[in-house]
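S.K.: Provided herewith is a single structure, encoded as structure tokens, for subsequent inquiry.
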Amino acid sequence: MFLKQFITVVCFAFLATSIFAQKDTLELKKLRKIKKGRIYNPLTPSKAAFYSAVFPGMGQAYNKKYWKTPIVWGALGTSIFFYLDNNKEFKRFRNAFKLRSRNLPDEFTVINDDGTTRETISIETLQRAQEQLKENRDLSLLSTVIIYVLQIVEASVNAHLLQFNTDDNLSFEPTFINDPIRIEAPKVGLTIKYNF
């Protein structure tokens with residue numbers, strides 16, 4: 000009988016301790032969110048990523064890194080320009096190749112004064128130009144997608160990093176440690192300062 004009562008009391012004590020511990024950890028989590036007048040907002044990185052996904056460069060502006068926005072626009076604009084230019088040239092050479100394979104004159108065929116035709120570009124060159132322009136077009140599209148994804152990731156990571164605590168309580172300082180045995184050769188060390 001005494002053993003049953005003892006086990007019941009001990010189980011109740013452990014249960015009560017865990018309940019109080021959970022209450023304390025919840026209060027500590029609330030206190031951790033407030034750091035020296037700043038409130039930690041866990042949704043800030045997702046907002047920055049969402050804004051960058053909707054309109055490229057807007058996540059950087061949301062993070063108040065306004066100088067990054069024209070860089071994002073310039074990178075995306077350049078890759079889109081090269082995609083459009085390579086696509087236009089690819090279509091031009093493809094149409095010339097199709098006409099040439101049907102024995103029709105194309106834009107690279109010159110008609111002489113006496114009525115004869117002369118081709119300025121061979122059909123093999125038209126084929127190689129198509130292949131090269133198609134490859135350049137595809138690489139431009141790939142670079143556009145990569146730049147778009149990278150600017151979303153950059154906005155999210157930057158929003159995370161802006162919320163880190165960077166005060167003097169967390170610091171690394173290089174120090175010189177004097178060795179009592181060898182006074183002429185100081186040792187280089189690292190001091191880690193962390194205050195609670």
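Numbering-wise (numbering that gives the first Met the number 0), the sequence shown opens with residue 0 and increments by one.
Think of the CB as a built atom: it goes at the ideal place given N, C-alpha and C, for glycine as much as any other residue.
#1: Indicate whether residue 85 and residue 139 have their beta-carbon atoms separated by less than 9 Å.
#2: Taking the alpha helix (DSSP H) that residue 110 belongs to, which residues open and close that run?
#3: Is residue 127 helix, strand or coil by DSSP?
#4: Could you check what DSSP says for residue 99 in three-state terms: helix, strand or coil?
#5: Excluding sequence positions up to five away, which residues of its chain have a Cβ less than 7 Å from the Cβ of residue 95?
#6: Using the C-alpha atoms, what's the distance from residue 121 back to residue 134?
#7: In chain order, what residues of the same chain lie with their CB nearer than 6 Å to the CB of residue 44, ignoring the 5 residues before and after it?
#8: Would you kindly work out how many angstroms separate the C-alpha atoms of residue 89 and residue 79, rounded to a whole number?
#9: Could you tell me which uninterrupted alpha helix (DSSP H) segments, each at least 4 residues in length, are contained entirely in the region 38-84, listed from first to last along the chain?
#10: Give the secondary structure of residue 7 by DSSP, where H, G and I count as helix, E and B as strand, and everything else as coil.
#11: Check this for me: beta carbons of residue 51 and residue 129, under 9 Å apart or not?
#12: Can you look up residue 116 in the DSSP assignment and give me helix, strand or coil?
#13: With a 10 Å radius around its C-beta and 16 neighbouring C-beta atoms as the bar for buried, classify residue 82 as buried or exposed.
#14: Going by the CB atoms, is the gap between residue 74 and residue 146 shorter than 9 Å?
#15: Residue 114: buried (16+ other C-beta within 10 angstroms of its C-beta) or exposed?
#16: For residue 143, does the count of other Cβ atoms within 10 angstroms reach 16, so buried, or fall short, so exposed?
#17: Can you name, in chain order, every residue of its own chain whose Cβ lies under 7 Å from the Cβ of residue 161, other than the five neighbours on each side?
M.R.: According to the structure data:
#1: Yes, the pair counts as a contact, with Cβ atoms nearer than the cut-off.
#2: Per DSSP, residue 110 belongs to no alpha helix (DSSP H); it is in the beta strand (DSSP E), 108-110.
#3: Of the three classes helix, strand and coil, the one that applies to residue 127 here is helix, per DSSP.
#4: In the structure shown, the three-state DSSP call for residue 99 is helix.
#5: So the list reads 105, 106, 107, 125, once near-sequence residues are dropped.
#6: For residue 134 and residue 121, the distance between alpha carbons rounds to 20 Å.
#7: Around residue 44: 155, 158, 159.
#8: Each residue's Cα considered, the two are about 15 Å apart.
#9: Entirely contained in the region 38-84, the alpha helix (DSSP H) runs reaching 4 residues are, in chain order, 43-53, 57-61.
#10: In the structure shown, residue 7 adopts helical secondary structure according to DSSP, grouped into three states.
#11: No, the pair does not count as a contact, with Cβ atoms beyond the cut-off.
#12: Three-state result, residue 116: strand.
#13: Looking at its Cβ environment, which holds 16 or more other Cβ atoms inside 10 Å, residue 82 is buried.
#14: Their beta carbons are under 9 Å apart, which means residue 146 touches residue 74 by this criterion.
#15: Taking all protein chains shown into account, residue 114 has fewer than 16 neighbouring C-beta atoms within 10 Å of its C-beta and is therefore exposed.
#16: Buried, by the Cβ-count rule.
#17: Excluding positions up to five away in sequence, the list reads 62.
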